[in-house]
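Below: the structure, in C-alpha coordinates.
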Amino acid sequence: MGRGKVERLFRFIDTSFKPEAYQQIESGKISTLEELNRALAAWLDGYYHVRVHGGTGETPKARLEKSKREPRRIPVIELVDIFLWEEERRVDKTGCVKVAGNLYEVDLALVGKKVTLRFNPFDLSLIQVWHNNSRCDNALPLELNRPRHRRVKPNKTEKKAPVTGGISFFEAAEKKRRQELEKEPLSFATKGGTSRDGAL
(Lines of atoms letter the chains of each structure in order from A and count residues from 1; the text may use other names and numbers.)
(Lines give C-alpha, C1' and ligand atoms only; values in the text may rest on other atoms or scores of the structure.)
Protein backbone atom coordinates (compact mmCIF):
# COMPACT_ATOMS: atom_id res chain seq x y z
CA MET A 1 0.00 0.00 0.00
CA GLY A 2 1.22 3.46 -0.86
CA ARG A 3 3.97 2.20 -3.15
CA GLY A 4 2.26 3.77 -6.17
CA LYS A 5 2.22 7.15 -4.41
CA VAL A 6 5.98 6.99 -3.90
CA GLU A 7 6.54 6.01 -7.54
CA ARG A 8 4.31 8.91 -8.68
CA LEU A 9 6.38 11.34 -6.60
CA PHE A 10 9.61 10.15 -8.25
CA ARG A 11 7.96 10.33 -11.68
CA PHE A 12 6.87 13.91 -10.96
CA ILE A 13 10.41 14.83 -9.84
CA ASP A 14 11.74 13.25 -13.07
CA THR A 15 9.34 15.21 -15.27
CA SER A 16 9.26 18.53 -13.42
CA PHE A 17 12.41 19.12 -11.38
CA LYS A 18 15.10 17.19 -13.30
CA PRO A 19 14.71 18.89 -16.72
CA GLU A 20 14.92 22.32 -15.07
CA ALA A 21 17.91 21.23 -12.97
CA TYR A 22 19.76 19.86 -16.03
CA GLN A 23 19.14 23.11 -17.89
CA GLN A 24 20.54 25.13 -14.95
CA ILE A 25 23.59 22.84 -14.75
CA GLU A 26 24.30 23.11 -18.49
CA SER A 27 24.00 26.92 -18.35
CA GLY A 28 26.45 27.02 -15.41
CA LYS A 29 23.95 28.42 -12.89
CA ILE A 30 24.27 25.24 -10.78
CA SER A 31 27.78 23.89 -10.38
CA THR A 32 27.93 22.37 -6.88
CA LEU A 33 25.94 19.82 -4.90
CA GLU A 34 25.06 22.53 -2.38
CA GLU A 35 23.52 24.66 -5.15
CA LEU A 36 21.58 21.63 -6.45
CA ASN A 37 20.23 20.94 -2.94
CA ARG A 38 19.18 24.59 -2.63
CA ALA A 39 17.39 24.36 -5.98
CA LEU A 40 15.55 21.19 -4.86
CA ALA A 41 14.49 22.87 -1.60
CA ALA A 42 13.22 25.89 -3.56
CA TRP A 43 11.30 23.62 -5.97
CA LEU A 44 9.72 21.68 -3.07
CA ASP A 45 8.73 24.70 -0.97
CA GLY A 46 7.94 27.14 -3.79
CA TYR A 47 6.19 24.79 -6.23
CA TYR A 48 5.49 21.19 -5.16
CA HIS A 49 4.05 21.82 -1.68
CA VAL A 50 1.86 24.77 -2.77
CA ARG A 51 0.44 23.40 -6.03
CA VAL A 52 -3.07 21.89 -5.94
CA HIS A 53 -2.94 18.11 -6.28
CA GLY A 54 -5.19 16.67 -9.01
CA GLY A 55 -6.40 13.74 -6.90
CA THR A 56 -7.03 15.47 -3.55
CA GLY A 57 -7.96 18.96 -4.74
CA GLU A 58 -5.64 20.36 -2.04
CA THR A 59 -2.04 21.42 -1.81
CA PRO A 60 0.27 18.89 -0.08
CA LYS A 61 1.08 21.57 2.52
CA ALA A 62 -2.59 22.20 3.39
CA ARG A 63 -3.34 18.48 3.51
CA LEU A 64 -0.44 17.88 5.87
CA GLU A 65 -1.55 20.70 8.16
CA LYS A 66 -5.09 19.26 8.28
CA SER A 67 -3.96 15.75 9.14
CA LYS A 68 -1.21 16.68 11.60
CA ARG A 69 -1.23 14.42 14.62
CA GLU A 70 1.03 14.33 17.61
CA PRO A 71 3.43 11.44 17.21
CA ARG A 72 3.09 8.85 19.95
CA ARG A 73 6.34 8.51 21.83
CA ILE A 74 7.07 5.05 23.18
CA PRO A 75 9.60 4.73 25.99
CA VAL A 76 12.76 2.82 25.02
CA ILE A 77 12.09 0.23 27.74
CA GLU A 78 8.68 -0.51 26.22
CA LEU A 79 10.22 -0.88 22.76
CA VAL A 80 12.84 -3.31 24.08
CA ASP A 81 10.14 -5.35 25.85
CA ILE A 82 8.23 -5.82 22.59
CA PHE A 83 11.11 -7.83 21.10
CA LEU A 84 11.89 -10.06 24.08
CA TRP A 85 11.74 -13.83 23.56
CA GLU A 86 9.45 -15.94 25.73
CA GLU A 87 9.78 -19.48 27.03
CA GLU A 88 7.69 -21.36 29.58
CA ARG A 89 9.27 -23.37 32.39
CA ARG A 90 8.13 -25.17 35.52
CA VAL A 91 10.07 -24.03 38.56
CA ASP A 92 11.81 -27.02 40.19
CA LYS A 93 11.71 -27.84 43.91
CA THR A 94 14.91 -25.87 44.52
CA GLY A 95 13.36 -22.70 43.02
CA CYS A 96 15.43 -22.87 39.84
CA VAL A 97 14.80 -22.81 36.08
CA LYS A 98 17.07 -23.45 33.11
CA VAL A 99 17.29 -21.35 29.94
CA ALA A 100 19.73 -22.16 27.11
CA GLY A 101 21.98 -24.18 29.40
CA ASN A 102 22.07 -21.49 32.11
CA LEU A 103 20.69 -21.99 35.62
CA TYR A 104 18.64 -19.25 37.31
CA GLU A 105 17.07 -18.87 40.74
CA VAL A 106 13.53 -17.50 41.03
CA ASP A 107 11.24 -16.60 43.93
CA LEU A 108 10.62 -19.69 46.11
CA ALA A 109 6.89 -18.88 46.12
CA LEU A 110 6.89 -20.07 42.46
CA VAL A 111 8.18 -23.62 43.23
CA GLY A 112 6.21 -26.16 41.18
CA LYS A 113 4.43 -23.44 39.17
CA LYS A 114 4.60 -22.75 35.45
CA VAL A 115 6.24 -19.41 34.69
CA THR A 116 6.88 -17.40 31.54
CA LEU A 117 10.48 -16.27 31.12
CA ARG A 118 11.09 -13.22 28.95
CA PHE A 119 14.59 -12.30 27.80
CA ASN A 120 16.81 -10.67 25.22
CA PRO A 121 18.43 -13.59 23.34
CA PHE A 122 21.64 -11.57 22.96
CA ASP A 123 21.97 -10.99 26.72
CA LEU A 124 20.95 -13.88 28.99
CA SER A 125 22.20 -12.17 32.13
CA LEU A 126 18.71 -10.66 32.67
CA ILE A 127 15.59 -12.84 32.68
CA GLN A 128 12.13 -11.49 33.46
CA VAL A 129 9.80 -13.87 35.32
CA TRP A 130 6.02 -13.68 34.75
CA HIS A 131 3.29 -15.73 36.44
CA ASN A 132 -0.43 -15.38 35.65
CA ASN A 133 0.28 -12.19 33.66
CA SER A 134 2.00 -10.59 36.66
CA ARG A 135 5.65 -9.71 36.71
CA CYS A 136 7.71 -11.24 39.51
CA ASP A 137 11.28 -10.53 40.58
CA ASN A 138 13.87 -11.13 37.85
CA ALA A 139 15.62 -14.50 37.84
CA LEU A 140 19.10 -14.45 39.36
CA PRO A 141 21.80 -16.19 37.29
CA LEU A 142 23.50 -18.98 39.25
CA GLU A 143 25.40 -20.56 36.33
CA LEU A 144 25.78 -18.32 33.29
CA ASN A 145 27.47 -20.68 30.83
CA ARG A 146 26.10 -18.95 27.72
CA PRO A 147 25.95 -15.14 27.44
CA ARG A 148 23.55 -15.40 24.43
CA HIS A 149 20.97 -17.90 23.23
CA ARG A 150 22.29 -20.70 20.99
CA ARG A 151 19.74 -19.84 18.29
CA VAL A 152 21.20 -16.37 17.67
CA LYS A 153 24.47 -15.68 15.93
CA PRO A 154 26.88 -12.97 17.01
CA ASN A 155 26.73 -9.76 15.01
CA LYS A 156 29.18 -9.98 12.09
CA THR A 157 30.19 -6.34 12.57
CA GLU A 158 30.98 -7.01 16.22
CA LYS A 159 34.76 -6.88 16.58
CA LYS A 160 36.67 -8.31 19.43
CA ALA A 161 39.14 -5.96 21.06
CA PRO A 162 42.70 -7.02 20.20
CA VAL A 163 44.55 -8.64 23.04
CA THR A 164 47.55 -6.50 23.86
CA GLY A 165 50.49 -7.05 26.13
CA GLY A 166 51.81 -4.63 28.72
CA ILE A 167 52.83 -1.97 26.17
CA SER A 168 50.56 -0.34 23.61
CA PHE A 169 51.31 0.08 19.90
CA PHE A 170 51.64 3.86 20.32
CA GLU A 171 54.08 3.48 23.21
CA ALA A 172 56.18 1.09 21.10
CA ALA A 173 56.11 3.54 18.16
CA GLU A 174 57.17 6.41 20.45
CA LYS A 175 60.06 4.30 21.82
CA LYS A 176 61.21 3.49 18.26
CA ARG A 177 60.98 7.18 17.28
CA ARG A 178 63.14 8.22 20.24
CA GLN A 179 65.76 5.57 19.37
CA GLU A 180 65.93 6.90 15.80
CA LEU A 181 66.34 10.48 17.09
CA GLU A 182 69.22 9.43 19.34
CA LYS A 183 71.04 7.89 16.35
CA GLU A 184 70.70 11.02 14.22
CA PRO A 185 70.96 14.36 16.09
CA LEU A 186 68.35 16.97 15.27
CA SER A 187 69.62 19.60 12.83
CA PHE A 188 68.01 22.91 11.97
CA ALA A 189 70.14 23.36 8.87
CA THR A 190 68.30 23.98 5.62
CA LYS A 191 68.92 21.98 2.46
CA GLY A 192 71.30 24.67 1.26
CA GLY A 193 73.63 23.91 4.16
CA THR A 194 72.98 26.99 6.30
CA SER A 195 71.21 27.14 9.62
CA ARG A 196 68.23 29.37 10.35
CA ASP A 197 70.41 32.20 11.63
CA GLY A 198 72.49 32.11 8.42
CA ALA A 199 75.61 30.45 9.93
CA LEU A 200 77.32 27.64 8.02
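If you use the working numbering, the sequence shown closes out at 224, no skipped numbers anywhere.
C-beta atoms are modelled at their ideal positions from N, C-alpha and C, and glycine is treated no differently.
Note that this is a predicted model, so its numbers are computed, not measured.
| Check | Outcome |
| --- | --- |
| Cutting at 6 Å between CB atoms, please list the residues of its own chain near Arg-114, excluding the five before and the five after it. | Lys-138 |
| Starting from Ala-163 and walking both ways along the alpha helix (DSSP H), at which residues does that stretch end? | Premise fails: Ala-163 lies in the beta strand (DSSP E), 158–167, not in any alpha helix (DSSP H). |
| Measure the alpha-carbon distance for Asn-61 versus Gly-81 and round it to whole angstroms. | 28 Å |
| Kindly provide the ranges of any alpha helix (DSSP H) runs that are 4 or more residues long and lie completely inside the stretch 50–74, ordered along the chain. | 57–67 |
| Using only alpha-carbon positions, find the residue among Pro-95, His-73, His-77 and Gly-79 that is nearest to Lys-85. | His-73 |
| Who pairs with Lys-42 in a beta bridge, going by DSSP? | DSSP, once it has assigned bridges, lists no residue as partnering Lys-42. |
| Just verifying my parser: in three-state terms, what is the DSSP assignment at Asp-105? | helix |
| Whose CA, out of Lys-53, Leu-33 and Pro-43, lies closest to the CA of Gly-78? | Leu-33 |
| Using 8 Å as the cut-off, can you tell me whether the stretch 136–156 makes contact with the stretch 169–177, which would need three or more C-beta pairs spanning the two stretches below that distance? | yes |
| Hey, would you say Arg-93 sits closer than 8 Å to Thr-83, going by beta carbons? | no |
| If we count Cβ pairs, one from each stretch, closer than 8 Å, do we get three or more for the stretch 93–107 versus the stretch 115–125? | no |
| Can you tell me the Cβ-Cβ gap for Leu-166 and Glu-111, rounded? I've got them flagged as a contact below 8 Å. | Actually they do not touch by this definition, with Cβ atoms about 17 Å apart. |
| Please list the terminal residues of the continuous alpha helix (DSSP H) segment that includes Lys-138. | Element bounds for Lys-138: not the alpha helix (DSSP H) but the beta strand (DSSP E), 138–144. |
| Between the alpha carbons of Arg-87 and Lys-42, how many angstroms are there, rounded? | 25 Å |
| By a C-beta neighbour count over all protein chains shown, 10 Å radius and 16 as the cutoff for buried, is Leu-132 buried or exposed? | exposed |
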